[in-house]
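Trainee:
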Amino acid sequence: MLLLAAVLLAPWAGGDRGVAIETLLAAVAATVFIVVSGRWASPKGKKARPIRATAMISGGADPAIGPATTPLRTVAAVLLALPVSLAASVGVGLVLAIWVPGSQADKLVTAAFGAPLVMAGAMVWTCADRRLLRTTAVLLAVTALCALAVVLRPH
Amino acid sequence: MDAAVPPDTASARPRRRTSIWPKASPAFVRTVLSGHSGLGLVAAALIYIVCLSGTVAVFINELKLWEQPAAPRLTQISPHAVQAFAEAVTKAHPKTPYTYIGLPTDDVPHLYAMIQDGDDKVLVGDAQGAVVGDIAAEWSHFIEHLHIYLHLPETLGLIVVGLVGAALTGLIVSGFLAHPKIFRDAFAFRWAGARRLSRADLHNRLSVWGAPFHFVVAWTGAYIGLATVLLFAVAGVTAKGDVAKVTAPIYGVVRKADPTPAPYPDLVATLAWFAPLKPDVEPELIALTAPGTRGQTIEVNAALPKRLVYAERYEFDGQGRMIKKLGLSDDGLGKQVFASSYPLHFGSFGGLPVKIAYGLLGVALCVVTSSGVTIWLTRRRDRGRPAPRLEKAWTAVAWGAPATLALSAVLWLAIKAPPVWVFWAPLAVAVAAAVAVKDARFWTVGLRAATSLALAAVVAVHVARFGALAFSSTALGVNLTLLALAVVIAPWRRARTGTHTQPRHLAT
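Protein chains in written order, with this note's numbering: chain A, 2 to 156; chain B, 2 to 509.
1. Residue range of the alpha helix (DSSP H) that K65/B falls in?
2. Figure out for me which residue from P117/A, V33/A and V79/A has the closest Cα to the Cα of A44/B.
3. Quick check: V162/B and G253/B, are their CB atoms within less than 8 Å of each other?
4. Between the Cα of F347/B and the Cα atoms of L362/B, L112/B and G335/B, which residue gives the shortest distance?
5. Quick one: what does DSSP say V101/A is sitting in, helix, strand or coil?
6. Candidates G478/B, A179/B and V51/B: which alpha carbon is nearest K63/A's?
7. Which chain B residues are close to T136/A, counting only those with a beta carbon under 8 Å from its beta carbon?
8. Quick one: what's T170/B bridged to in DSSP?
9. Hey, does A491/B have any beta-carbon neighbour from chain A nearer than 8 Å?
10. Quick check: what's the CA-CA separation for T137/A versus A89/A?
11. Would you mind stating whether P213/B and A28/A have Cβ atoms separated by less than 8 Å?
12. How about T55/A: is its C-beta nearer than 8 Å to some C-beta of chain B?
13. Can you have a look at P7/B and say buried or exposed, based on whether 16 or more other CB atoms are within 10 angstroms of its CB?
14. What did DSSP end up calling Y265/B once you bin it into helix, strand or coil?
15. Cα-Cα, which of D281/B, K279/B, P262/B and E392/B is closest to Q297/B?
16. Excluding the 5 residues flanking E139/B on each side, which residues of the same chain have their C-beta closer than 8 Å to its C-beta?
17. In whole angstroms, what is the alpha-carbon distance linking L378/B and A46/B?
18. Please report the Cβ distance between F184/B and V209/B, rounded to the nearest whole angstrom; I am assuming they are in contact, meaning their Cβ atoms lie under 8 Å.
19. Residues of the region 331 to 354 of chain B with a CB closer than 9 Å to any CB of chain A: list them in chain order, please.
20. Pairs of beta-carbons, one from the region 70 to 85 of chain A and one from the region 114 to 130 of chain A, closer than 8 Å: are there three or more?
21. So is A93/B buried or exposed if we call it buried at 16+ other beta carbons inside 10 Å?
22. Quick check on L345/B: buried or exposed, where buried means 16 or more other Cβ atoms within 10 Å of its Cβ?
23. Put G385/B into one of helix, strand or coil per three-state DSSP.
24. DSSP state of V513/B, grouped into three classes?
25. In angstroms, rounded to a whole number, what distance separates the CA positions of F467/B and P70/B?
26. In angstroms with no decimal places, state the Cα-to-Cα distance between A148/A and A106/A.
27. Would you call K108/A buried or exposed, if buried means 16 or more other Cβ atoms sit within 10 Å of its Cβ?
28. Report all residues from its chain with a CB closer than 6 Å to the CB of Y311/B; omit the five preceding and five following residues, and keep chain order.
29. Between the C-alpha atoms of A397/B and G373/B, what's the straight-line distance to the nearest angstrom?
30. Which of the three DSSP states, helix, strand or coil, is assigned to A291/B?
31. Suppose contacts are defined by Cβ-Cβ distances below 8 Å. Is A219/B in contact with L153/B by that definition?
32. Three or more beta-carbon pairs under 8 Å between the region 401 to 410 of chain B and the region 449 to 465 of chain B, yes or no?
33. Using only the alpha-carbon positions, how far apart do F114/A and V438/B sit?
34. Express the C-alpha separation of P105/B and D135/B in angstroms, rounding to a whole number.
35. Tell me which residue opens and which closes the alpha helix (DSSP H) that D202/B is part of.
36. If you measure between the beta carbons of V460/B and P492/B, is that distance less than 8 Å?
Here it is, written out as structure tokens:
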């Protein structure tokens, strides 16, 4: 769809802008279609036919038990998800800003867009993994390795 | 949060066949779902408020025009008027560290100057370049600050909102990882029936189809917020703390100040340089630093209407000769990605149609956020562990935030009550009151009614204050939209009590 958009909309809207507009239009059109075609009321007089493959299942996957099982562990999980994850993501960002090949702008932008992804992943992981020691150890190890990579940077 | 879609439903199908859909182990799905739920619950209220204010902020230029309908409108301006306006602004405010001269565009049909003289000010000019007053679009400014800083001190607020963006990015990615079969039912939406399934349908369908938009705004939002932290870190490590040196490749070099008097910049010649490049290159913003000194800088942001980048930046000397192009549109991928991220985040790359699409998908993101929490709360109740206070608190956040947002507009327009206080204080009171008394349905119905009434009141007060100007093009569009929202949000149908579709305790 993106390739098609790039080809069809390039003359009118420019390549990058055309892809963005086309993707947006597809998202809006599909959302409107879903809302319009949705089943808003139960069918009268007959049993409803399942409209999706998973409809006959009434339960659903239960989340695993997360790390926040006691107040103390909750505090630890929050600390891991915020300052510790932030330190690790900034560390990765620094490494990207220093070691990624390319121009200064390329390095900076790669770092600025890479660090939030690391932060996002670390936040989810620290909220999911029961083993607080494991998340702590990995995040601290990442931060330490990044610090080492910064120290060893080319001058 | 929870899609009510188990990972092993393939076994329940009548015939086994090779599936094209990705597989994931149940343990992995449950673990990721745990992180998705945990992070979502912790960050839900902030994500919701940032998304709600962001949805409104997409239309910030229209809201500014609506808030100040009497400000002089221009469709074009002569270079000589721009010169006269800039000189008048500099003469009246010689100590401002910068002056941004905005030229009339379709989005912002004013000749205006942004300066810092004590406070930030926006001055407007007429077609001859005379300064005719200032624009105090206080409520629009409040919306911008709510979305970008959550009304915290600016650096801290930017980081907090960046963290909210990172959390939202994580939720979007983990949502897909936790629901490997989410695309199988991408076109199935069923509102009637069991409450948790209907909310899961809503949550998952809007998530799937809004995903490109949701991911882009969350990621770019996280980037914009967390870049501050990263820049300080990079500057500290590589440039002895000099942030300007680190950002020079994308923002341009900051020239050293030299207060020795020099002729005022020739903006007529500067703008004349663009004449042969129109309409592919349209100058929109002139940034003047220390004009009338030897250290002056004259930079022009020019829009490229067929590109995603917000602008290309050109530097000129005092005589109007172009001396440098920053290269945001063509000098390497990094600069182009940087310059494209802002339009992608704010929806400013395709005029009103794109803004409307951003508005609709922004509403969808608010619904996804709200329904995610509702699903988690319903699951708890279904499992025999209801959290009634949390249910009511969430109802108060979900419907209280739009209500107090509308209330802040009413009271600002009517009596100039500070919108920051009018937004946060009643919202806090509503959450506290909801936790203490009544049930979730009472608060849902009550706060929906309050939102609807407040939106209608905004229009009434606007008309009373501005008279015929409230029916001018942009103001009329905003007012009609507000009235339509008031009609849609009003609780027309009473929730059924005691049924599985709308239980009294959880009616969000």
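Yeah, the Cβ is synthetic: ideal placement off N, Cα and C, and Gly gets one too. Since the structure is predicted, the reported quantities are computational estimates derived from the model, not experimental observations.
Mentor: Here's the rundown:
1. Residue range I61 to E68 is occupied by the alpha helix (DSSP H) that includes K65/B.
2. Per the Cα distances, V79/A.
3. For the pair V162/B and G253/B, the CB atoms are not nearer than the 8 Å cut-off.
4. Selected option, being the one with the closest Cα: L362/B.
5. Coil, per DSSP.
6. The question names Lys, yet the displayed sequence has Asp at residue 63/A. That would be A179/B, whose Cα lies nearest to the Cα of D63/A.
7. Correct list: empty, because the minimum Cβ distance to chain B is about 11 Å.
8. Paired residues: none, contrary to the question.
9. For A491/B, the answer is no, since every Cβ of chain A falls outside 8 Å of its Cβ.
10. Cα to Cα, T137/A sits roughly 11 Å from A89/A.
11. Yes, they are a contact pair.
12. The predicted model places T55/A with a pLDDT of 46, which falls under 50 and marks its position as unreliable, so this point remains unresolved.
13. Only weak support is given to the placement of P7/B: the predicted model assigns it a pLDDT of 41, under 50, and the value that follows is read from those uncertain coordinates. Classification for P7/B: buried.
14. If DSSP states are grouped into helix, strand and coil, Y265/B belongs with coil.
15. Checking every option, the nearest Cα to that of Q297/B belongs to P262/B.
16. Cβ within range, chain order: E68, W413, K417 and P420.
17. Spanning the two alpha carbons is a distance of roughly 14 Å.
18. Right, their Cβ atoms sit about 6 Å apart.
19. Flagged, chain order: D332, G333, L334, G335, K336, Q337, V338, F339, S341, S342, P344, L345, G348, F350, G351 and P354.
20. Under the three-pair Cβ rule at 8 Å, the region 70 to 85 of chain A counts as touching the region 114 to 130 of chain A.
21. Around the C-beta of A93/B, fewer than 16 other C-beta atoms lie within 10 Å, and the residue is accordingly described as exposed.
22. Buried.
23. For G385/B, the three-state secondary structure derived from DSSP is coil.
24. There is simply no residue 513/B to check, as chain B begins at 2 and stops at 509 in what is shown.
25. Between the alpha carbons of F467/B and P70/B lies a gap of roughly 8 Å.
26. A direct Cα-Cα distance of roughly 22 Å separates A148/A from A106/A.
27. Label assigned to K108/A: buried.
28. If we look at Y311/B and ignore the five residues flanking it on each side, its Cβ neighbours are A340, Y343 and P344.
29. Computed Cα separation, rounded: 15 Å.
30. Here A291/B sits in coil by DSSP.
31. Going by C-beta atoms, A219/B is not nearer than 8 Å to L153/B.
32. In short, these stretches touch, since the Cβ pair count reaches three.
33. If you take the alpha carbons of F114/A and V438/B, they lie about 45 Å apart.
34. Each residue's Cα considered, the two are about 16 Å apart.
35. Going by DSSP, D202/B is part of the alpha helix (DSSP H) stretching over R196 to T239.
36. Against a cut-off of 8 Å, the Cβ pair of P492/B and V460/B comes out as no contact.
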